[in-house]
Amino acid sequence: GAVVSQHPSRVICKSGTSVKIECRSLDFQATTMFWYRQFPKKSLMLMATSNEGSKATYEQGVEKDKFLINHASLTLSTLTVTSAHPEDSSFYICSARVGLDYNEQFFGPGTRLTVL
Amino acid sequence: LAKTTQPISMDSYEGQEVNITCSHNNIATNDYITWYQQFPSQGPRFIIQGYKTKVTNEVASLFIPADRKSSTLSLPRVSLSDTAVYYCLVVLSGYSTLTFGKGTMLLVSP
Numbered sequence: 004g005a006v007v008s009q010h011p012s013r014v015i016c017k018s019g020t021s022v023k024i025e026c027r028s029l030d031f032q033a034t035t036m037f038w039y040r041q042f043p044k045k046s047l048m049l050m051a052t053s054n055e056g057s058k059a060t061y062e063q064g065v066e067k068d069k070f071l072i073n074h075a076s077l078t079l080s081t082l083t084v085t086s087a088h089p090e091d092s093s094f095y096i097c098s099a100r101v102g103l104d105y106n107e108q109f110f111g112p113g114t115r116l117t118v119l
Numbered sequence: 152l153a154k155t156t157q158p159i160s161m162d163s164y165e166g167q168e169v170n171i172t173c174s175h176n177n178i179a180t181n182d183y184i185t186w187y188q189q190f191p192s193q194g195p196r197f198i199i200q201g202y203k204t205k206v207t208n209e210v211a212s213l214f215i216p217a218d219r220k221s222s223t224l225s226l227p228r229v230s231l232s233d234t235a236v237y238y239c240l241v242v243l244s245g246y247s248t249l250t251f252g253k254g255t256m257l258l259v260s261p
């Protein structure tokens with residue numbers, strides 16, 4: 004099946020710094036990628052939908068100036084957490100849509116962000 | 152989007168069949184039922200999807216009654232490695248946003 008990778012797998016940073024997370028579709032082109040956040044023992048919550056070549060669409064309550072999303076190519080989307088604070092510590096997961104069907108959406112392995 | 156309700160947790164033993172039921176009383180005509188599996192610190196993995204009756208693949212079976220207000224994910228002969236959270240989602244055909252509920256934490260013991 005289609006493979007989605009994320010880098011880094013885990014990152015620890017100091018409060019106030021910015022962190023960039025990459026999401027790549029390795030063997031297919033993804034016109035749409037999605038970013039989720041998952042707190043411990045909680046479900047995934049959609050943060051934003053990223054379309055190649057256009058601005059991301061953010062879910063209600065997600066600050067677009069804090070979570071910068073760039074989808075510059077059909078195989079790469081990046082999420083930058085700007086001025087990270089401890090409450091931003093979470094598990095960030097991306098997914099990529101292969102085609103038009105909802106079930107053709109493959110998830111990355113996630114990135115564990117810890118802000119000290 | 153139709154809301155789903157599923158048990159918070161389930162316990163089982165190796166070799167047993169596990170059935171996880173999900174209710175989705177307000178499912179719409181064009182909605183499909185999809186199940187994902189998530190291991191700790193990993194992204195979700197697609198298991199199975201269906202619209203009605205029964206769907207079977209190499210991993211699981213999905214049973215959907217005629218009224219489609221519920222569905223049951225059946226895992227045959229579970230092993231320890233099936234310990235994971237299982238999410239039931241109802242998704243509008245062609246609409247790719249997924250809304251995850253709380254899921255069912257399945258614990259398989261020796």
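Same order as they appear, the protein sequences are chains A and B.
Add 3 to the 1-based position in the first sequence for the working numbering, that's all there is to it.
Add 151 to the 1-based position in the second sequence for the working numbering, that's all there is to it.
By construction, the Cβ of each residue, glycine as well, lies at the ideal position given by its N, Cα and C atoms.
Just so it is clear, the structure is predicted and the values come from calculations on it, not from any experiment.
{"Query": "Complete beta strand (DSSP E) runs within the segment 212-253 of chain B (minimum length 3 residues, chain order)", "Result": "212-215, 221-226 and 235-243"}
{"Query": "Boundaries of the beta strand (DSSP E) in which F31/A is found, first to last residue", "Result": "First-last for F31/A: undefined, no H or E at that position."}
{"Query": "Which of helix, strand or coil DSSP assigns to D68/A", "Result": "coil"}
{"Query": "Near the ligand GDP: T34/A beta-carbon under 7 Å from a heavy atom", "Result": "No copy of the ligand GDP appears in this structure; indeed no ligand is present at all."}
{"Query": "Sequence-distant residues of its chain with Cβ nearer than 6 Å to I72/A (five each side left out)", "Result": "A51, S53, A59 and L82"}
{"Query": "According to DSSP, residues forming a beta bridge with H10/A", "Result": "E25/A"}
{"Query": "Any 3 or more C-beta pairs closer than 8 Å across the segment 83-101 of chain A and the segment 39-50 of chain A", "Result": "yes"}
{"Query": "8 Å Cβ cutoff, G111/A in contact with chain B", "Result": "yes"}
{"Query": "Neighbour flag for R27/A against chain B, beta carbons, 8 Å", "Result": "no"}
{"Query": "Cβ pair V241/B, I178/B closer than 8 Å", "Result": "yes"}
{"Query": "8 Å Cβ cutoff, F31/A in contact with chain B", "Result": "no"}
{"Query": "Interface positions of the segment 69-94 of chain A facing chain B (Cβ-Cβ less than 9 Å), listed along the chain", "Result": "F94"}
{"Query": "Pair within 8 Å by beta-carbon distance, N208/B and I215/B", "Result": "no"}
{"Query": "Residue-level contact to chain B via CB, S46/A, 8 Å cutoff", "Result": "yes"}
{"Query": "Candidates L116/A, T35/A and E55/A, of which the one nearest S86/A by Cα", "Result": "L116/A"}
{"Query": "CB contact below 8 Å: K205/B versus chain A", "Result": "no"}
{"Query": "Nonlocal neighbours in the same chain, by C-beta distance under 6 Å from V236/B, ignoring five residues either side", "Result": "Q189, G254 and M256"}
{"Query": "Chain-ordered chain B contacts of L49/A [CB-CB under 9 Å]", "Result": "T248, L249, T250 and F251"}
{"Query": "Sub-8 Å separation of T223/B and T172/B beta-carbons", "Result": "yes"}
{"Query": "Residue environment, Y187/B, which counts as buried when at least 16 other CB atoms sit within 10 Å", "Result": "buried"}
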